[in-house]
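Protein chains in written order, with the UniProt record's numbering: chain B, 1 to 133; chain V, 1 to 128; chain Z, 1 to 182; chain L, 1 to 158; chain E, 1 to 150; chain H, 1 to 124.
Rendered as structure tokens:
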């Protein structure tokens, strides 16, 4: 009995941190997807321009730099590829993480411990007492 | 605030005048506080300009200098920089002067209101 | 038995919060009152919170710094190419909030890097590249370290919270039995 | 100050300590929110003031003047100004307009004024809420003292 | 309830309020000094970093120094001593502020003992504030140098 | 008794859900309002432009030149859209509020029933 609370507690912390990790990766993917879409939209807009000789301004952080369209297209493509790469990398990593989390959440040997709700209640009652949340 | 002059059963005219004065005092005092802060800020900026001048004065005339405009730095020279610092300080001075004037005005108008309230009170008391 | 462990396992010397396995035994040891222990735990908890705030600030700073270094590195690459091709670049740069001015940047080997403390040092493109690359690496490492410190800290905070709850409940139970036997 | 909203004073007197505390907390929260938005508005306004001032200074700079161009927050390169008395202004929602310096100045001055108006609208509300909170606190202490005395008297009577 | 009694009660209550207000003012003052000190410490650190960098560089290299919004073009050899002087000044200021914090802490503790002020619950707050220097790392990120994560 | 309890809990959770819906709609309306102001500002600015001023639109990372008519139309369309969205959200807010009122009422009723039931058992 002596080891059990600590064991369960460590396990809970582990699940929590895994879940956090998965969540933040998902957020990153969404962000990157948005950026990729925007870049794609920009590339399409460039293709529609009538005058191919007119240079365009590309946003680079704090500034806009004048590029000829060919160069601009090249840079946009490069950006898109880099976004794709990052997204793919995150995706494959995420799959593993989700599996690990799923596994951890369903650890059969942990069934039957009713310590989880108790510790939550404890926490709650204490928060009410200390007035924190 | 001299609440002592007020009887529990003052007439409404006096009460109204008194309340108006209180509101005026509050807004005037706030405005004066803002002006005071602005003046302090300007004084600090003058101080800053003077300090910069004295630091730069120690340098040779030939040392290249760039003036900061927004985020960029524009090539200039010592004479021009010094002249600009001077005009800046002078501008701050004139701003301070005009602020002091509006402060004086606020003080005066507050005094006038106080005076007229006092007169009103004495008239009322005279009646009794 | 102590509430704080050794200051290891992280860069800041954050003391580890020790999980109270056996509250009965812990409380019996040395005859502490629940109030005392709770106060100590609360102190520890606050200490962690202060550290957490500091780390979060550090992280925010890095979050600004890292993209800036990355962008600077991109710019260095562009300047290098322009120098090779003898190309002048035209740019609308940010002059102030919502305001851009246009400038021409001729090919050049020299740039200024803002070091801090009101000092900007001139670098050749190659030198700037080296310094920025080094700094980016360092900043990334620092970010990783900060993240792991924050993780560690979060763990300690949770442990402390649970410890507080356990001691508190232990005390409630104790009072109840006291009442029942009285 | 308590002379002003008489009715409110009566209304406050009828409330319990707990209710008063609740009102106080709510007012504090509202004041904090307002103060924060004031602060934000002031910051934005200040940044527009800087833009406006930068334009003033820029008017005195000839074209082709040598300068150090900020490429990022920490990287500067030597370059030349070719603004030609025109600047690019970010007018929001992804639109940028290139216009003469004087027109740009007008734009920023309008923004500054708009923000000043916004702040002028918030300021009196903030003041009013602060006064109200003071009143609530005053009534609270009065009531609290009274309750203490009643309790004491009751204890003495026993 | 006699008016006389409530009157004396009121003055006592007022006195109490004033004591608390003074106490809080003292703590605010200490906090302000601590904030200033923390700010300067950040400045001190950035000076150290820059000095370290400049020391490893040729003395003739072009180096700009900003003085009151004006960027002055100089050399490393010229900027370095000025910077070191500046750092020494900051160090002195920080030392001065630190002793001020300690003095304030003593003043606060004396005041507390004199008026027998007690905190609700923890003694922790008093501990922390009398030692003062909670670093409020103001993020000032215009530099390119990165602190080592040590 | 148990049935009433269950009914109470059901209604309560419905109430809580409508409360969170309401908050969601309100915050969404706020976002829309600020978007509306920003777009109106842009429209105002576009209306002030002179012929020689150049307009650009940021598409992804590219700044593309646009003509005034096109830009004005786009912004106008956006304003229309946002205004309609605001109306939609206002209606939703009203709906949710009235739904909440009726839920409140039924909760009150159930509570009364519960109390009465309790009294009866106590009297027994």
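Positions of the beta carbon are idealized from the N, C-alpha and C atoms, including for glycine.
Query: When we look at the beta-carbon of residue 160 (chain Z) and count the other beta-carbons within 10 Å, is it buried (16 or more) or exposed?; Result: buried
Query: Please report how far the alpha carbon of residue 172 (chain Z) lies from the alpha carbon of residue 35 (chain L), in whole angstroms.; Result: 42 angstroms
Query: Exposed or buried, which one is residue 91 (chain H) when buried takes at least 16 other CB atoms within 10 Å?; Result: exposed
Query: Residue 157 (chain L): buried (16+ other C-beta within 10 angstroms of its C-beta) or exposed?; Result: exposed
Query: Please list the partners that residue 117 (chain Z) has in chain E, where partner means a Cβ-to-Cβ separation under 7 angstroms.; Result: 46, 47, 50, 83
Query: Would you identify the three-state DSSP class for residue 33 (chain Z), choosing helix, strand or coil?; Result: coil
Query: So, is the C-beta of residue 51 (chain Z) closer than 8 angstroms to a C-beta in chain E?; Result: no
Query: In the structure shown, what three-state DSSP assignment does residue 124 (chain L) receive?; Result: helix
Query: Which stretch, first to last residue, makes up the alpha helix (DSSP H) that contains residue 90 (chain L)?; Result: Segment 86-92 is the beta strand (DSSP E) holding residue 90 (chain L); no alpha helix (DSSP H) there.
Query: Of all the beta strand (DSSP E) runs that stay within the bounds of the segment 76-127 of chain E, which reach a length of 3 or more residues?; Result: none
Query: Would you identify the three-state DSSP class for residue 58 (chain V), choosing helix, strand or coil?; Result: coil
Query: For the segment 40-103 of chain V, list the beta strand (DSSP E) runs that are entirely contained and at least 3 residues long, ordered along the chain.; Result: 65-69, 72-76
Query: Can you give me the Cβ contacts of residue 51 (chain L) inside the same chain, cut-off strictly under 6 angstroms, excluding the 5 residues immediately before and after it?; Result: 108
Query: Expressed to the nearest angstrom, what Euclidean distance is found between the alpha-carbon atoms of residue 27 (chain H) and residue 89 (chain H)?; Result: 10 angstroms
Query: The segment 132-162 of chain Z: which residues have C-beta closer than 9 angstroms to a C-beta of chain B, in chain order?; Result: 151, 154, 155, 158, 159, 161, 162
Query: Can you give me, in chain order, the residues of the segment 62-73 of chain E that have a beta carbon less than 7 angstroms from any beta carbon in chain V?; Result: 67, 68, 69, 70, 71, 72, 73
Query: Quick one: grab the DSSP three-state call for residue 92 (chain Z).; Result: strand
Query: What's the gap between the Cα of residue 58 (chain V) and the Cα of residue 101 (chain L)?; Result: 36 angstroms
Query: Name the chain L residues that come within less than 7 angstroms of residue 72 (chain V), Cβ to Cβ?; Result: 67, 68, 69, 70
Query: Run through chain Z and tell me which residues come within less than 7 angstroms of residue 53 (chain B), C-beta to C-beta.; Result: Neighbours of residue 53 (chain B) on chain Z: none; closest Cβ ~15 angstroms, over 7 angstroms.
Query: Between V:33, V:110, V:80, V:24, which has its C-alpha nearest residue 99 (chain V)'s C-alpha?; Result: V:33
Query: Over the uninterrupted beta strand (DSSP E) stretch that includes residue 180 (chain Z), give me the two end residues.; Result: No beta strand (DSSP E) holds residue 180 (chain Z); the alpha helix (DSSP H) holding it covers 125-181.
Query: Report the option in V:72, V:51, V:101 whose CA atom is closest to the CA atom of residue 96 (chain Z).; Result: V:72
Query: What does residue 59 (chain H) reach in chain B if we use C-beta pairs closer than 7 angstroms?; Result: 41, 42, 45
Query: Mapping DSSP to helix, strand and coil, what is residue 65 (chain L)?; Result: coil
Query: Just to make sure I have the definition right: I need the residues of chain Z whose C-beta is within less than 7 angstroms of the C-beta of residue 6 (chain B). Which are they?; Result: 19, 21
Query: Measure the CB-CB distance between residue 110 (chain V) and residue 18 (chain V) and report whether it falls below 8 angstroms.; Result: no
Query: So, with DSSP's three-state summary, where would you put residue 12 (chain B)?; Result: helix
Query: Against chain Z, which members of the segment 37-53 of chain L pass a CB distance test of less than 7 angstroms?; Result: 47, 48, 50, 51
Query: Could you tell me which chain B residues have their CB closer than 7 angstroms to the CB of residue 184 (chain Z), listed as they occur along the chain?; Result: Lying before the first or after the last residue shown, residue 184 (chain Z) is absent from chain Z, which here runs from 1 to 182.
Query: Name, please, each residue of chain L whose Cβ falls closer than 8 angstroms to the Cβ of residue 69 (chain V).; Result: 54, 57, 58, 61
Query: Whole angstroms is fine: what's the gap from residue 109 (chain E)'s alpha carbon to residue 20 (chain E)'s?; Result: 13 angstroms
Query: Which of helix, strand or coil does DSSP assign to residue 63 (chain H)?; Result: strand
Query: Does DSSP classify residue 144 (chain E) as helix, strand or coil?; Result: coil
Query: Quick one: is residue 70 (chain L) buried, meaning 16 or more other Cβ sit within 10 Å of its Cβ, or exposed?; Result: buried
Query: Among E:75, E:77, E:113, E:53, whose alpha-carbon lies nearest the alpha-carbon of residue 116 (chain Z)?; Result: E:53
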